[in-house]
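Visitor: As you go down the protein sequences, you meet chains H and L in turn.
According to the numbering used here, the first sequence is numbered sequentially starting from 26.
According to the numbering used here, the second sequence is numbered sequentially starting from 361.
We put the beta carbon where it would ideally sit given N, CA and C, even for glycine.
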Amino acid sequence: MLDSIISTLTQGFIYALISFGVYITYSILDFPDLTTDGSFPLGAAVTAVLLTNGCNPYLTLLVAIAVGALAGLITGLIHVKLHVRDLLAGIITMTALFSINLQIGGSNLVVERATATIFNAEPIMTLFGGMSLLYRKLIVSFILIVVVKIILDLYFKTKSGLLLRAVGDNQTLVTALAKDKGNMKILGLVIANALVALAGCIVCHEQRSFSATMGTGQVVFGLATVIIGITLFRRMSFVKGTTAVVIGSILYKACITVALAAGLPANLLKLITALLFLLVLVLSGRKGEEIIHA
Amino acid sequence: MLELRNIRKVYNAGSITELKLFDDFSLTVDDGEFVSVIGSNGSGKTSLLNIICGSIPIESGDVLVGGESIAKEKDFVRCRRIGRVYQNPSLGTSPNLTMLENLSLADNKGKSFGLRFGINKKRIDYYTEQLASLGLGLEDKLNVKMGALSGGQRQAVALLMATMTPLEFLILDEHTAALDPKTAEVIMQLTDRVVREKGLTAIMVTHNLRYAVEYGTRLIMMDKGSIAFDKRGAEKAALTTDEVLAKFNTLSIE
Numbered sequence: 026m027l028d029s030i031i032s033t034l035t036q037g038f039i040y041a042l043i044s045f046g047v048y049i050t051y052s053i054l055d056f057p058d059l060t061t062d063g064s065f066p067l068g069a070a071v072t073a074v075l076l077t078n079g080c081n082p083y084l085t086l087l088v089a090i091a092v093g094a095l096a097g098l099i100t101g102l103i104h105v106k107l108h109v110r111d112l113l114a115g116i117i118t119m120t121a122l123f124s125i126n127l128q129i130g131g132s133n134l135v136v137e138r139a140t141a142t143i144f145n146a147e148p149i150m151t152l153f154g155g156m157s158l159l160y161r162k163l164i165v166s167f168i169l170i171v172v173v174k175i176i177l178d179l180y181f182k183t184k185s186g187l188l189l190r191a192v193g194d195n196q197t198l199v200t201a202l203a204k205d206k207g208n209m210k211i212l213g214l215v216i217a218n219a220l221v222a223l224a225g226c227i228v229c230h231e232q233r234s235f236s237a238t239m240g241t242g243q244v245v246f247g248l249a250t251v252i253i254g255i256t257l258f259r260r261m262s263f264v265k266g267t268t269a270v271v272i273g274s275i276l277y278k279a280c281i282t283v284a285l286a287a288g289l290p291a292n293l294l295k296l297i298t299a300l301l302f303l304l305v306l307v308l309s310g311r312k313g314e315e316i317i318h319a
Numbered sequence: 361m362l363e364l365r366n367i368r369k370v371y372n373a374g375s376i377t378e379l380k381l382f383d384d385f386s387l388t389v390d391d392g393e394f395v396s397v398i399g400s401n402g403s404g405k406t407s408l409l410n411i412i413c414g415s416i417p418i419e420s421g422d423v424l425v426g427g428e429s430i431a432k433e434k435d436f437v438r439c440r441r442i443g444r445v446y447q448n449p450s451l452g453t454s455p456n457l458t459m460l461e462n463l464s465l466a467d468n469k470g471k472s473f474g475l476r477f478g479i480n481k482k483r484i485d486y487y488t489e490q491l492a493s494l495g496l497g498l499e500d501k502l503n504v505k506m507g508a509l510s511g512g513q514r515q516a517v518a519l520l521m522a523t524m525t526p527l528e529f530l531i532l533d534e535h536t537a538a539l540d541p542k543t544a545e546v547i548m549q550l551t552d553r554v555v556r557e558k559g560l561t562a563i564m565v566t567h568n569l570r571y572a573v574e575y576g577t578r579l580i581m582m583d584k585g586s587i588a589f590d591k592r593g594a595e596k597a598a599l600t601t602d603e604v605l606a607k608f609n610t611l612s613i614e
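(1) Under the three-state reduction of DSSP, which class applies to residue 445 of chain L: helix, strand or coil?
(2) Below 6 Å CB to CB, which residues in the same chain sit around residue 218 of chain H once its five sequence neighbours on both sides are set aside?
(3) Helix, strand or coil for residue 58 of chain H? Go by DSSP, reduced to three states.
(4) At the 8 Å Cβ level, is residue 162 of chain H part of the contact set with chain L, yes or no?
(5) Please list the partners that residue 186 of chain H has in chain L, where partner means a Cβ-to-Cβ separation under 7 Å.
(6) Going along the chain, which residues of the segment 189 to 200 of chain H sit with their C-beta nearer than 7 Å to a C-beta in chain L?
(7) Express the C-alpha separation of residue 110 of chain H and residue 311 of chain L in angstroms, rounding to a whole number.
(8) Kindly indicate the opening and closing residues of the alpha helix (DSSP H) around residue 461 of chain L.
(9) May I ask you to verify whether the segment 450 to 467 of chain L touches the segment 504 to 518 of chain L, counting CB pairs closer than 8 Å and requiring at least 3?
(10) Using a beta-carbon distance below 8 Å, is residue 608 of chain L in contact with chain H?
(11) When the cut-off is 8 Å and only beta carbons count, does residue 362 of chain L lie next to chain H?
(12) What does the Cβ neighbour count give for residue 416 of chain L, buried or exposed, with the cut at 16 atoms within 10 Å?
(13) Using three-state DSSP, classify residue 485 of chain L as helix, strand or coil.
(14) Based on the DSSP output, what are the partners of residue 399 of chain L in its beta bridges?
(15) Looking at the structure shown, is residue 123 of chain H part of a helix, part of a strand, or coil, going by DSSP?
(16) Within the 8 Å Cβ cut-off, does residue 268 of chain H reach chain L?
(17) Below 7 Å between beta carbons is the criterion; list the residues of the segment 173 to 185 of chain H that meet it against any residue of chain L, in chain order.
(18) Where residue 365 of chain L and residue 397 of chain L are concerned, what is the direct C-alpha to C-alpha distance, given to the nearest angstrom?
(19) Within 10 angstroms of its Cβ, does residue 503 of chain L collect 16 or more other Cβ (buried), or is it exposed?
(20) Excluding sequence positions up to five away, which residues of its chain have a Cβ less than 8 Å from the Cβ of residue 75 of chain H?
(21) Per DSSP, which residues does residue 599 of chain L bridge with? Please list them.
(22) Would you identify the three-state DSSP class for residue 564 of chain L, choosing helix, strand or coil?
(23) Using 8 Å as the threshold, is the C-beta distance between residue 82 of chain H and residue 230 of chain H below it?
(24) Between which two residues does the alpha helix (DSSP H) containing residue 228 of chain H stretch?
(25) Take every Cβ of the segment 472 to 486 of chain L, pair it with every Cβ of the segment 545 to 556 of chain L, and state whether three or more of those distances are shorter than 8 Å.
(26) Would you say residue 202 of chain H lies against chain L (beta-carbon separation less than 8 Å)?
(27) I'd like to know if residue 205 of chain H contacts chain L, where contact means its C-beta is closer than 8 Å to some C-beta of that chain.
(28) Do residue 404 of chain L and residue 347 of chain L count as a contact pair if the criterion is CB distance below 8 Å?
(29) If we define contact as Cβ-Cβ less than 8 Å, is residue 83 of chain H a contact residue for chain L?
(30) Compare the C-beta of residue 481 of chain L with all C-beta atoms of chain H and state if any pair is closer than 8 Å.
(31) Do you know offhand how far residue 491 of chain L's Cα is from residue 497 of chain L's?
(32) With a threshold of 16 other CB atoms inside 10 Å of the CB of residue 263 of chain H, please say whether the residue is buried or exposed.
(33) Taking a cut of 8 Å between CB atoms, which residues from the segment 448 to 460 of chain L lie near chain H?
(34) By DSSP, does residue 498 of chain L sit in helix, in strand, or in coil?
(35) Within 8 Å (strictly less), CB to CB, does residue 469 of chain L reach chain H?
(36) How about residue 265 of chain H: is its Cβ closer than 7 Å to a heavy atom in the ligand PLP?
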């Protein structure tokens with residue numbers, strides 16, 4: 026029971042990186058970005074290949090961030106420079122990434138037991154070596170999510186961050202401030218997909234495998250957690266959006282854990298994901314119009 | 361000096377709904393002029409502003425500032441020298457940011473939007489003073505989200521934001537039309553004060569003939585894509601609302 030709670034929390038923390046990404050695109054930029062379903066496995070594919078080839082596990086984090094940023098850049102350029110609708114721009118990149126991910130990692134790639142991951146390489150072992158792997162994963166993923174959250178919160182308060190928030194809010198204002206709104210959207214997509222690919226990277230470290238289909242449903246997960254988080258804390262303005270979506274992520278993963286514990290076959294997981302998302306939309310009173318309208 | 365030279369603007373070119381708005385439209389606005397533009401719906405008032413700001417493309421012609429063409433500049437580039445206030449109060453501010461964040465953004469116009477802290481605490485006193493001068497009781501609402509304010513309050517802040525940094529032209533696009541008469545009056549007086557204090561060149565599109573007559577140094581009446589009536593200086597000062605209304609009616613009846 027306790028083990029199950031610990032591993033749910035760990036999952037919640039790791040996948041909250043997707044929630045951060047979707048929070049930036051969907052909630053801040055008002056951009057329904059489906060690139061997520063492609064950039065998540067992209068981060069994992071690159072990580073699996075690098076780990077298999079003996080790369081330093083911490084370096085894979087940076088590489089994943091870079092390739093995710095590139096994926097976001099491509100969606101942004103397709104949308105802004107080629108004037109393709111936001112939803113379609115994401116679909117194009119996502120579809121292209123599926124093949125690219127297959128090229129990078131094949132349909133499945135398992136990272137050998139002997140290979141060091143961020144959960145058992147130095148300096149983590151020196152610091153937390155006394156704990157079992159289960160707890161170490163919790164600690165490492167918690168530290169990661171807190172660091173990313175603090176960086177994001179600080180960024181949102183910078184001049185660039187304020188402008189990014191303004192572009193989703195009121196593009197006309199950004200133009201009036203003599204800034205190119207297109208560049209700000211691209212920047213937002215770059216940051217968001219860098220975070221999503223980082224999530225893929227850490228998931229790959231955690232489960233020691235990559236699969237080409239692991240991206241399916243991640244954007245739905247992200248949207249659900251953002252909407253859960255924002256709806257729950259709507260009336261508590263002192264709770265930051267980033268905190269709210271982490272809690273959304275944990276709650277979501279908890280629902281999945283409960284469903285599996287109740288005997289749900291793993292093959293029905295995406296069905297449950299979709300139904301849970303529908304439930305969240307209906308309960309939060311949004312019913313998807315904000316997703317479709319853009 | 362702002363010049364529009366031989367502007368040609370066609371909407372839906374080549375389709376059955378093709379509408380030729382401007383065929384050979386020219387207009388010169390001198391520095392320091394405060395031009396009121398009136399005219400019926402579809403006469404080209406807002407298109408005129410959009411052409412100046414680069415919000416819509418033109419078929420041919422040129423837009424010049426101080427003799428230099430800005431026709432090839434994108435809208436956001438032109439905005440370096442232009443401040444614009446819209447009819448819709450929500451277009452001038454960012455509703456999910458606080459008033460302080462909004463003002464800080466406006467204050468940073470023309471500078472780089474990098475990774476420095478967005479709010480400069482040293483400027484808070486200045487913002488408070490500016491807000492107090494509006495007389496709308498906004499000075500103690502710096503940390504309130506813009507979206508929670510009324511239309512009139514947002515429009516006042518939008519005007520403040522549009523004119524906070526040095527600019528050459530102030531473009532007012534029916535900026536009092538969505539406000540109640542009392543608030544509209546407050547915003548109009550505020551506009552007049554800002555234009556005078558900062559010595560701006562302003563172009564104001566309005567449906568309110570009284571404002572057009574009472575405020576500004578020049579009055580232009582547009583009709584079907586051309587200028588039907590253009591008065592400035594003493595002639596403009598001598599105009600009455602009734603005269604303008606009479607002229608307006610002769611055009612509208614055609």
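Guide: Straight from the coordinates:
(1) DSSP places residue 445 of chain L in strand when its eight states are reduced to three.
(2) Sequence-distant Cβ neighbours of residue 218 of chain H in its own chain, meaning closer than 6 Å and more than five residues away, are 60, 64, 93, 96, 97.
(3) In the structure shown, residue 58 of chain H sits in coil (DSSP, three-state: anything other than H, G, I, E or B).
(4) At a cut-off of 8 Å between C-beta atoms, residue 162 of chain H does not count as an interface residue with respect to chain L.
(5) Taking a Cβ-Cβ threshold of 7 Å, the residues of chain L close to residue 186 of chain H are 478, in chain order.
(6) Flagged, chain order: 190, 191, 194, 195, 197, 198, 200.
(7) No information on residue 311 of chain L is available, as it lies outside the stretch 361 to 614 that chain L covers here.
(8) Note, residue 461 of chain L: alpha helix (DSSP H), 459 to 467.
(9) Contact between the segment 450 to 467 of chain L and the segment 504 to 518 of chain L is present: three or more C-beta pairs spanning the two stretches fall below 8 Å.
(10) No, because no Cβ of chain H sits closer than 8 Å to the Cβ of residue 608 of chain L.
(11) Judged by the 8 Å Cβ criterion, residue 362 of chain L is not in contact with chain H.
(12) The residue is exposed, with fewer than 16 neighbouring Cβ atoms inside 10 Å.
(13) In this structure, residue 485 of chain L counts as helix in the three-state DSSP scheme.
(14) DSSP, once it has assigned bridges, lists L:582 as partnering residue 399 of chain L.
(15) Note: residue 123 of chain H maps to helix in three-state DSSP.
(16) Between residue 268 of chain H and chain L, the shortest Cβ-Cβ separation is not below 8 Å.
(17) So the close ones are 182, 183, 184, 185.
(18) Approximately 18 Å, taken between the alpha carbons.
(19) Flag for residue 503 of chain L reads exposed.
(20) Closer than 8 Å at the Cβ level, and outside the excluded window around residue 75 of chain H, lie 84, 85, 88.
(21) DSSP, once it has assigned bridges, lists no residue as partnering residue 599 of chain L.
(22) In the three-state reduction of the DSSP assignment, residue 564 of chain L falls in the strand class.
(23) The answer is yes: Cβ separation under 8 Å.
(24) Where residue 228 of chain H is concerned, the enclosing alpha helix (DSSP H) stretches over 206 to 232.
(25) They do not touch, by the three-pair rule.
(26) Output row for residue 202 of chain H: interface = yes.
(27) Yes, residue 205 of chain H counts as interfacial toward chain L.
(28) There is simply no residue 347 of chain L to check, as chain L begins at 361 and stops at 614 in what is shown.
(29) By this cut-off, residue 83 of chain H is not an interface position.
(30) Residue contact check for residue 481 of chain L against chain H: no CB pair falls below 8 Å.
(31) Cα-Cα distance, rounded: 8 Å.
(32) Classification for residue 263 of chain H: exposed.
(33) Residues passing the 8 Å Cβ filter: 450, 451, 452, 453, 454, 455, 456, 457.
(34) Coil at residue 498 of chain L, not helix or strand.
(35) The beta carbon of residue 469 of chain L falls within 8 Å of a beta carbon belonging to chain H, placing the residue at that interface.
(36) Absence of the ligand PLP from the depicted structure is noted, as is the absence of any ligand whatsoever, leaving it without description.
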